[in-house]
Amino acid sequence: MGMVAVLLAAGCGQEEPADTIPPARIGDLAVAAVTQSTVGLTWTATGGDGDEGRASSYDLRYIEGVLTEENWPLALPAEGEPEPGEAGTRQSMTVSGLRPATDYGFAVRAADQAGNLSAMSNVAPARTLSPAGGWIVSADGAGHFSTIAAAVAAAADGDTILVRPGLYAEALSLEGRTLALFGAGAESTVVSYGTAGQDVPVLRIRGGEVVLRDLRLTQEFIACGVGLRCGAGAIVRLERCALLWCGISAESSSLALDRCTVWALPPMLCDMIVPLIDLVDSPAHCAHGIVGGAPQVRCSGAGAFSAECSDFWQIAFTGCPSPVGSGGNIGRDPLFADPSPEGSDFRLLPTSPCLPGQTPGCGGMGAFGAFEP
1 MGMVAVLLAA GCGQEEPADT IPPARIGDLA VAAVTQSTVG LTWTATGGDG DEGRASSYDL
61 RYIEGVLTEE NWPLALPAEG EPEPGEAGTR QSMTVSGLRP ATDYGFAVRA ADQAGNLSAM
121 SNVAPARTLS PAGGWIVSAD GAGHFSTIAA AVAAAADGDT ILVRPGLYAE ALSLEGRTLA
181 LFGAGAESTV VSYGTAGQDV PVLRIRGGEV VLRDLRLTQE FIACGVGLRC GAGAIVRLER
241 CALLWCGISA ESSSLALDRC TVWALPPMLC DMIVPLIDLV DSPAHCAHGI VGGAPQVRCS
301 GAGAFSAECS DFWQIAFTGC PSPVGSGGNI GRDPLFADPS PEGSDFRLLP TSPCLPGQTP
361 GCGGMGAFGA FEP
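Okay, so the sequence shown: first residue is 1 according to UniProt numbering, each after it adds one.
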């Protein structure tokens, strides 16, 4: 056998050198689209050997919050990664099954046929959208959340929270939030915190801009507690709301009440403890409301109170002039069906001066409407 043949024969038995070159790191992972439950991602393919050739597969993962090299092993693997294209090919995929209004971090690694993995890509952060039409809170668990506090924590600024009928035994705090909380009516959507008092209001709002509608705040037989406390420049609007057995305290805030009922326990329990409405450096306006049960609306500093077409029954004004007798405002017994703590029926009897048509130039007053036996 010739020398060349011998060398060729010897070479046929040699193994190819092992592939130790991983795919290059993907550096342009980006968010392309976001919905309530999905995030679309794009990136540029790298090769199987650095930037050459084609990788074999992708490992795309995500986690709630911030994704790092350290928590990569804990991240959830996505499903449905595309087959890698040639180096330089644009790739995309959509990650589904995500939670609404939640922050996520996404990253991807490429692998070659030998199992070599690229370094982790750049992290692409994304926040899924809030549900269209608003978050739904239902005490029976049939909504997005069973408590209002959980919905507030999940909601983004500008969101609406829809609270279905029920009793929600919780104290709420909103710090610098811009939200709308809509109930199903003050007679059926009740937020009550029975152990609250002046130091623990049912609802505390500091800063931000909040709209409350069709809700009842109550402290259930707690004399002279604060149902709503506003501060730090909060702008708060209440529509068709009721505060029963508790009052309002505002400092350096702005307050508007439209068709609301604010009623406290009898004066012998509340006098000299806390005003029903206390305004410190805060303007407030009441339209088509009913206010009574405790004897005082107090303004101090730059606090101011104005009203139109409202009933103030047995209310004294301290530090601000009484609006009774002008602007359609009256000071008469509103004639509730049963305003006792046991009855808590604040619908208006047929002879009530607060029903539509009873006060010239004004519609109805209060949050509950007419009593129908």
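Beta carbons are placed, not taken as given, at the ideal position from N, Cα and C, and that holds for glycine. Computed from a prediction, not measured in an experiment: that's the story for all the values here.
Asked                                                                                                                                                                                        : Found
Rounded to whole angstroms, what's the CA-CA distance from residue 192 to residue 218? Just pull it up for me.                                                                               : 5 Å
Please report the straight-line C-alpha distance between residue 21 and residue 94, rounded to a whole angstrom.                                                                             : 29 Å
Is the segment 55-63 touching the segment 128-148 in the sense that three or more CB pairs, one from each, lie closer than 8 Å?                                                              : no
Report yes if the C-beta distance between residue 349 and residue 366 is below 8 Å; otherwise report no.                                                                                     : no
Under 6 Å Cβ to Cβ from residue 238, same chain only, skipping five residues before and after it: list those, please.                                                                        : 212, 257, 260
For residue 245, which of helix, strand or coil comes out of DSSP?                                                                                                                           : coil
Identify the residues that DSSP records as bridge partners of residue 290: which are they?                                                                                                   : 261, 311
From residue 196 to residue 171, what does the alpha carbon distance come to, in whole angstroms?                                                                                            : The predicted position of residue 196 is uncertain, since its pLDDT is 48 and thus under 50; a value taken from the coordinates is nonetheless stated next. Answer to the nearest angstrom: the Cα atoms are 8 Å apart.
Please report the residue range of the beta strand (DSSP E) in which residue 226 lies.                                                                                                       : 225-231
Is the beta carbon of residue 298 less than 8 Å from the beta carbon of residue 321?                                                                                                         : no
Is the segment 102-110 close to the segment 37-54, with three or more CB pairs under 8 Å?                                                                                                    : yes
How about residue 203 and residue 228: are their beta carbons less than 8 Å apart?                                                                                                           : yes
Pull up the distance between the alpha-carbon of residue 295 and that of residue 314, whole angstroms please.                                                                                : 6 Å
Beta-carbon separation of residue 127 and residue 176 under 8 Å?                                                                                                                             : no
Between 179, 71, 25, 70, which lies nearest to residue 87 when the distance is taken from Cα to Cα?                                                                                          : 25
In its own chain, which residues sit with a C-beta less than 6 Å from the C-beta of residue 43, not counting the 5 before and 5 after it?                                                    : 26, 28, 29, 91
Closer than 8 Å by C-beta to residue 337: which residues in its own chain qualify, once you throw out the five before and the five after it? Chain order, please.                            : 343, 345, 346, 347, 348, 349, 371
Report the residue from 328, 120, 225, 179 whose alpha carbon sits nearest the alpha carbon of residue 69.                                                                                   : 120
Residue 328 and residue 309 look like a contact to me (Cβ under 8 Å); what is the Cβ gap, rounded to whole Å?                                                                                : 4 Å
Identify the continuous alpha helix (DSSP H) that holds residue 150 and give its terminal residues.                                                                                          : 148-154
Considering only the alpha carbon of each residue, which of 47, 162, 306 lies closest to residue 374?                                                                                        : What the structure shows of the chain is the stretch from 1 to 373, and residue 374 is not part of that stretch, so it cannot be assessed.
When you compare only the Cα positions, how much space is there between residue 150 and residue 143?                                                                                         : 12 Å
Where in the segment 311-355 do unbroken runs of the alpha helix (DSSP H), each at least 4 residues long, occur, reported from the N-terminal end onward?                                    : none
Please work out which residues of its chain come closer than 6 Å, Cβ to Cβ, to residue 352, disregarding the five sequence neighbours upstream and downstream, and give them in chain order. : 334, 335
Tell me residue 17's beta-bridge partners as DSSP assigns them.                                                                                                                              : Note: residue 17 sits in no beta bridge, so no partner.
Go through its chain and collect everything with a Cβ distance to residue 181's Cβ below 6 Å, but skip five positions before and after it.                                                   : 161, 212
Would you tell me roughly how many angstroms separate the C-alpha atoms of residue 33 and residue 363, rounded to the nearest one?                                                           : 48 Å
Where are the beta strand (DSSP E) runs, 3 residues long or more, that stay fully inside the UniProt domain "Fibronectin type-III" (22-131), in chain order?                                 : 30-34, 39-44, 57-64, 90-95, 103-111, 124-127
Among 287, 359, 225, 158, which residue has its Cα nearest to the Cα of residue 240?                                                                                                         : 287
Suppose you measure from the CA of residue 340 to the CA of residue 254; what does that come to, to the nearest Å?                                                                           : 31 Å
If we ignore side chains and look at the alpha-carbon of each, how far apart do residue 72 and residue 61 end up?                                                                            : 8 Å
Residue 305 bridges to which residues according to DSSP?                                                                                                                                     : 284
Taking the CB atoms as reference points, tell me whether residue 285 and residue 252 lie closer together than 8 Å.                                                                           : no
From 290, 48, 118, pick the residue whose C-alpha is nearest to that of residue 331; which is it?                                                                                            : 290
Give me whichever residues DSSP pairs with residue 145 in a beta bridge.                                                                                                                     : 137
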